[in-house]
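Visitor:
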Amino acid sequence: MAIAGVMGGADSEVTPETTSILLEAANFNPASIHYTGRQLSLPSEACMRFERGIRPELTIPALKRATQLIIQLADGKAARGFIDVYPGKLDREPILLSVGEVKTLLGVDFSLDQIVAALTSLGFDCKMGDSASEVLVSAPYWRSDIHQAVDLIEEVVRIIGYYPGQGLSL
Numbered sequence: 001m002a003i004a005g006v007m008g009g010a011d012s013e014v015t016p017e018t019t020s021i022l023l024e025a026a027n028f029n030p031a032s033i034h035y036t037g038r039q040l041s042l043p044s045e046a047c048m049r050f051e052r053g054i055r056p057e058l059t060i061p062a063l064k065r066a067t068q069l070i071i072q073l074a075d076g077k078a079a080r081g082f083i084d085v086y087p088g089k090l091d092r093e094p095i096l097l098s099v100g101e102v103k104t105l106l107g108v109d110f111s112l113d114q115i116v117a118a119l120t121s122l123g124f125d126c127k128m129g130d131s132a133s134e135v136l137v138s139a140p141y142w143r144s145d146i147h148q149a150v151d152l153i154e155e156v157v158r159i160i161g162y163y164p165g166q167g168l169s170l
């Protein structure tokens with residue numbers, strides 16, 4: 001028996017006698033996993049991981065990597081292709097960030113070039129917005145914690161600091 005994203009069953013473990021493996025790479029709604037794990041009083045490592053949210057974009061690369069490792073390390077053979085059932089695919093919308101928002105929140109004047117350089121260095125994709133003081137920012141797939149402009153501002157100040165170009169005495 002297995003409960004998706006919460007626990008697996010001992011009957012499905014891989015042992016030295018195992019000759020065939022069906023790999024399943026899945027992703028689940030974090031809120032559903034949290035609720036199910038609590039309702040059934042089944043805390044598990046799987047539950048903890050899925051509760052935090054795993055980017056759906058990582059599912060297929062993880063499946064391909066696991067297959068590659070089985071082939072390389074266990075002399076495995078893989079069937080061709082895979083089945084991808086992803087009924088709720090959501091594309092993340094880019095976040096609009098303006099120089100004004102940064103100044104309002106931090107009280108510091110960063111140029112748009114500084115903001116873009118900081119975010120780009122962290123893997124964010126930046127495209128010019130409708131005005132010269134705005135940028136549309138798309139978070140990289142590995143940053144599931146970025147949802148709004150304040151998250152981006154936090155990243156900017158983390159990279160540039162509050163006092164860019166000025167030394168601080170301690």
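Position 32 (the sequence shown) corresponds to 32 in the numbering used here; numbering is contiguous.
Backbone N, C-alpha and C fix where the C-beta goes; we use that ideal spot for every residue, glycine too.
Every value quoted in this text rests on a predicted model; they were computed, and no experiment measured them.
Just to confirm the assignment, what range does the beta strand (DSSP E) spanning Glu-45 have?
Guide: From DSSP, Glu-45 is part of no beta strand (DSSP E) but of the alpha helix (DSSP H) over 45-52.
Visitor: Given a threshold of 16 other Cβ atoms within 10 Å of its Cβ, counted over all protein chains shown, does Ala-173 qualify as buried or as exposed?
Guide: The question about residue 173 has no answer here: the residues shown for the chain are numbered 1 through 170.
Visitor: Starting from Asp-151, trace the alpha helix (DSSP H) in both directions and tell me its first and last residue.
Guide: Taken as a continuous stretch (DSSP letters only), the alpha helix (DSSP H) holding Asp-151 covers 149-160.
Visitor: Alpha carbon to alpha carbon, how far is His-34 from Val-135? Give it in angstroms, no decimals.
Guide: Approximately 35 angstroms, taken between the alpha carbons.
Visitor: Report all residues from its chain with a CB closer than 7 angstroms to the CB of Ala-62; omit the five preceding and five following residues, and keep chain order.
Guide: Only Ala-25 meet the Cβ criterion.
Visitor: Between the Cα of Lys-64 and those of Ala-74, Pro-94, Leu-96, Arg-80, spot the shortest distance and give me the residue it belongs to.
Guide: Nearest C-alpha to Lys-64: Arg-80.
Visitor: Tell me the residue span of the beta strand (DSSP E) that contains Lys-127.
Guide: Where Lys-127 is concerned, the enclosing beta strand (DSSP E) stretches over 125-128.
Visitor: Of all the options Ile-71, Pro-43, Pro-140, which has the alpha carbon lying nearest to the alpha carbon of Ile-21?
Guide: Nearest of Ile-71, Pro-43, Pro-140 to Ile-21, Cα basis: Ile-71.
Visitor: If you compare alpha carbons, which of Val-85, Ala-74, Cys-47, Leu-69 is closest to Glu-57?
Guide: Minimum Cα distance to Glu-57 is reached at Val-85.
Visitor: Which residues does DSSP list as the beta-bridge partners of Val-137?
Guide: Paired residues: Ile-95, Cys-126.
Visitor: For Gly-167, collect the residues of the same chain with a Cβ closer than 8 angstroms to its Cβ; drop the 5 residues on either side in sequence, then sort them by chain order.
Guide: Residue placement at Gly-167 is flagged as unreliable, the pLDDT there being 47, under the threshold of 50; a coordinate-derived value is accordingly withheld.
Visitor: Starting from the C-beta of Leu-69, find all residues in its chain whose C-beta is less than 8 angstroms away, skip the five residues before and the five after it, and write them out in chain order.
Guide: Result list for Leu-69: empty, nothing under 8 angstroms.
Visitor: By the 10 Å Cβ neighbour count, where 16 or more other Cβ atoms means buried, how is Ala-139 classified, buried or exposed?
Guide: Answer is buried; the Cβ neighbour count reaches 16.
Visitor: Please determine, among Val-14, Tyr-141, Glu-51, the residue with the shortest C-alpha to C-alpha distance to Ala-74.
Guide: For the residues Val-14, Tyr-141, Glu-51, the minimum Cα distance to Ala-74 belongs to Val-14.
Visitor: In whole angstroms, give me the CA-to-CA distance for Asp-109 and Val-99.
Guide: Between Asp-109 and Val-99, the C-alpha separation is close to 8 angstroms.
Visitor: I need the straight-line Cα distance from Arg-92 to Gly-107, nearest angstrom please.
Guide: Answer to the nearest angstrom: the Cα atoms are 29 angstroms apart.
Visitor: Please state the DSSP three-state secondary structure of Pro-61.
Guide: If DSSP states are grouped into helix, strand and coil, Pro-61 belongs with the helices.
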